[in-house]
Every structure is written in structure tokens, then in C-alpha cells.
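Shown next, in C-alpha cells, is the structure this report addresses.
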Amino acid sequence: MPFRIAVIPGDGIGPEVITQGIRVLKEVIQHTGSDLDFETYDLGAERYLKTGEIIPDPIFAELQSADAIYLGAVGDPRVKDPQYAARLLLRLRFELDLWVNLRPSRLLAPGLTPLRDASTIDLVVVRENTERAYVGIGGQFKRGTADEIAIQEDINTRKGVERIQRYAFELARERRRTGHRGRVTMVDKSNALYHAHDLWQRVFALERQRAPEIEAEHLFVDAAAMQLVKDPARFDVVVTSNMFGDILSDLASELVGGLGQAPSANINPDTRRGLFEPVHGSAPKHAGKGIANPVGAILAGAMMLRHLGDEAGANQIEEAVMATARERRTTKDLGGDLTTSAAANAVLERLERIGSSRPL
Ligand code: NAI
Ligand code: MG
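If you read the sequence shown in the working numbering, its first letter stands for residue 413, the second for the next number, and so on.
Have a look at this one:
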């Protein structure tokens, strides 16, 4: 039975990068034998502006039953409803309970980092993906007046904090087996948010006790931002809350070459559901020009393959992307001069070479 992949190209540069990601996936599975069946859903701004629909219920049910969702980006300057993205992307993350957001930042080639002395950066941000202020509890009172009050509640549950920290320790253990340092850095702001983040502290103390063999440290989020720039090599697995993970992962991706190359996975390790997407948004100013970097989407495809059990395919894609980055056969943002499709062609050529040198 093929895996059923629900594809949501979405808005802006989303469709351009997802098209290239699918080309790469189709090439690699010829060598590894995985069977993927892609079905495209035209959800996004175009549909919303025409029909007012964001995710109609029957489509939501189909997305829910897919083996994985592969998404481009959501966001369009023509859509004025501030809840539009939340009702599409956050709805999928929340209602499918995709509580882990994995955002790896790996220096693909020396020279891509803006930092003076960094030679290796290879870390993963493990972002809690279903809580904090993003849940949308709150309201406004006396809106538009001088007495206005705006409240957005910061939700942290025992269950949510425990499962994400435990996942991070597991990941560190797994990474240690594959030659990484295997160290957990828990990031919070418990010195100021002493109710909500005291929970993160107490859970961290328990998780450390459960896994004494894993090296673990704690940093406040402001110090973590500073250390990411000062000494990124100290980080391996960074576990943190929804909002801090959102911010620190953008910072981390810039340290390894920029948003255009950054992939992410939203997963539920219990149900095995997953949504895979580049970290970047719809970059409207780049849309339709053929200049968007497809690498974030391509690497998100690799994360999807790994999640579906095709480790060899994922590794081959990552190897091919690293080779093209070293050769600067990339789009402009990574120092090359290629268009979106030419950058994907470079990855495809590499893959063909890797594939033909390996037994099926
Ligand atoms: P953005 O990530 O779309 O773009 C920021 C800048 O990063 C771009 O102007 C461009 O210079 C660069 N960039 C991003 N992706 C690139 C790529 N593939 N190749 C080359 N350069 C790239 O963030 P922005 O401008 O804040 O948001 C634009 C829209 O996207 C908004 O509507 C926002 O809400 C939405 N958004 C959606 C996300 C998602 O779907 N997961 C995530 C972030 C923003
Ligand atoms: Mg973000």
C-alpha cells in the first residue's frame, strides 16, 4: 500500500517550492522503493478569497487520515483576516495534536554562516507545538479606546510540558547513538514567568533524574539567544515552549544560511501523524519570480521520508543538498545564482549520481 501524502502547496512561494520538493521525492523513492501517492489540496488564500472556506470539514477528514501532510506556506497580503493562518495551519497542528515541532539547523557548507568563527553547527530545536499563547485564549475589552485591554493567555499544561521534554531527552539519546553530542538544553524564562515556567523547571528536574546519562543544562531564553550567536556548537537538542521555539529556530536557521534552507516537521509520536513544511512563510515579495530557495521544502520532504521509515531516502536527499550547497549550486540567498527549478535540478543530478552508485 502506498503512503498517502496530502499536499497543501498554499500561498506565495509555497507552490513553487513544494513542486520542487515533490520532484526530488519522486526521484529518490525510485532508488529506495518507497511508494508515495501525492494528492493535492487547493487550500489557501485563493480559495478563501473566492469561497470564504479555509478547511471544509470533509477535506479536514481526508487530511486527518493521510499518512503525512506536505505543506508549502500560508499567508497572503490580500487576506486581511488575522485569524486566517491560525484557522489553517494552527488548526492542523492543534487538532491533529502535532505536539512536537522539530526544527533542525545544520551548517550545510562552511561559509554559509554569518558568524566569524563557527565551523560546525548541528542542532535541533524541539519546540512545543500545541500550547502557550498560540492556543488563542484571550480577548479584547474596550477595543479601540484609550482604556483598551488586550489579553492573550499563556497556557502550559503538565502533560504538554512533560511530553515535550521527555521527547527531547529521547532524541538526545538517539542522536548520541549517531555521533552527535546528545545534550539537552532546556530554555525557558522561569525567572520572570515564575508561575508558568516553574512548571518547566520542575518537569526538567524530574526528566533529568529519569535520564541521568544524558547531559542536560538550562538557559533562560535571553541567554540562549546570546549563546546561539556566541557559541552555537554548544547546542545539540534545544527544548523549549511554542513561542520561544518559534523565535529561536528562525535565529538558528539564519546562523546556517537563512530561512530558505530550513525544514521542519510537526509530528505526533503517539499517533504517527505528521505535517512537514519549510520553516519560512509565503515570502510574497518573491512569489512568482522563480527565485525562492526550494531547499527548505526539499529537506522537509527528507524529514517526511524519515518519519515514514525511509531513512536511506532521507539521508540521500540530505547528502545531495549538502553537496550542492558546498558547490554553491544554489539560489541567491545561499550564495549561488540559480532559479528555484535549477537549484532543484542540481539536487536531482546529485541524487541520480548517488542512486546509481548504490545497490537498489
Ligand atoms: P517569510 O518567511 O515568508 O519571509 C521572510 C524573508 O525571508 C523573505 O522576505 C525572504 O527574504 C526570506 N525567505 C523566506 N523564504 C525564502 C526562500 N524559500 N527563499 C529565499 N528567501 C526566503 O516571512 P514573513 O515575510 O514574515 O511572512 C510572509 C507571510 O508568510 C505572512 O503572511 C506570514 O504570516 C506567513 N508565514 C507563514 C508561515 C508558515 O506558513 N509556516 C511561517 C511564517 C510566516
Ligand atoms: Mg515562525
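Glycine is no exception: its CB is placed at the ideal position from the N, C-alpha and C atoms.
By the neighbour-count criterion, in which 16 or more other beta carbons inside 10 Å mark a residue as buried, Q577 falls on the buried side.
Across the structure, Q432 and S665 are spaced so that their CA atoms are roughly 20 Å apart. Looking only at A695, R416, I533, R588, the smallest Cα-Cα distance to S477 is reached by R416. Using a cutoff of 7 Å, the CB of I420 does not count as near the ligand NAI, since none of the ligand's heavy atoms is closer than that. Non-local beta-carbon contacts of A530 in its own chain, meaning distances under 6 Å to residues more than five positions away in sequence, involve P644 in chain order. Taking the C-beta atoms as reference points, L502 is found no nearer than 8 Å to Y460. At a Cβ-Cβ threshold of 8 Å, V419 and T444 do not count as neighbours. Each of L720, A562, A637 was checked against the Cα of A677, and the nearest Cα belongs to L720. Partner residues in the beta bridge of P675, as assigned by DSSP, are P690.
Taking the Cα of R515 as reference, the smallest distance to any Cα among L750, M716, K744, E723 is reached at M716. Here DSSP, grouped into helix, strand and coil, assigns N568 to coil. Environment of the ligand NAI, chain-ordered: A485, V486, G487, L671, G672, H692, G693, S694, A695, A704, N705, D745, taking every residue with Cβ within less than 5 Å of a heavy atom. Taking all protein chains shown into account, A674 has 16 or more neighbouring C-beta atoms within 10 Å of its C-beta and is therefore buried. When secondary structure is reduced to three states using DSSP, E730 falls in the helix class. For T743 against N705, the beta-carbon gap comes to about 4 Å, under 8 Å, which counts as contact.
The segment 426-508 contains, as complete alpha helix (DSSP H) runs of 4+ residues, the segments 426-444, 457-463, 469-477, 503-507 (chain order).
Look at the segment 636-682 and you find these whole runs of beta strand (DSSP E), each 3 residues long or longer: 649-652, 675-679.
Counting along the chain, the unbroken alpha helix (DSSP H) around G713 starts and ends at 707-719. Put simply, the segment 471-490 does not touch the segment 751-763. Fewer than three CB pairs are less than 8 Å apart. Take the alpha-carbon of I471 and the one of V649: they are about 35 Å apart.
Runs of the beta strand (DSSP E) lying entirely within the segment 512-563, each at least 3 residues long, are 512-518, 534-540, 550-553 in chain order.
Burial state of M413 is exposed, judged by a 10 Å Cβ sphere holding fewer than 16 other Cβ atoms. Put simply, the segment 589-602 touches the segment 611-618. At least three CB pairs are less than 8 Å apart. Only residues of its own chain outside the window of five on either side were considered, and among them Q552, F553, K554 have a CB closer than 8 Å to the CB of I561, listed in chain order. When DSSP reads this structure, D600 sits in a beta bridge with F632. In the three-state DSSP reduction, P414 falls in the coil class, being neither helix nor strand.
Counting C-beta atoms within 10 angstroms of its own C-beta, T652 has 16 or more neighbours from the protein chains shown and is therefore classed as buried.
A Cβ-Cβ distance of about 4 Å is found for the pair N541 and N513, placing them in contact under the 8 Å criterion. Annotation for D449: P414, F415, R416, I417 place their beta carbon closer than 8 Å to its own, counting only its chain and skipping 5 residues before and after. Per the coordinates, the alpha-carbon of G556 lies some 16 Å from the alpha-carbon of P494.
Per DSSP, the continuous alpha helix (DSSP H) segment holding D610 begins and ends at 608-622. In the DSSP assignment, V573 forms no beta bridge with any residue.
If you check the CB distance, A498 and R738 do not come in under 8 Å.
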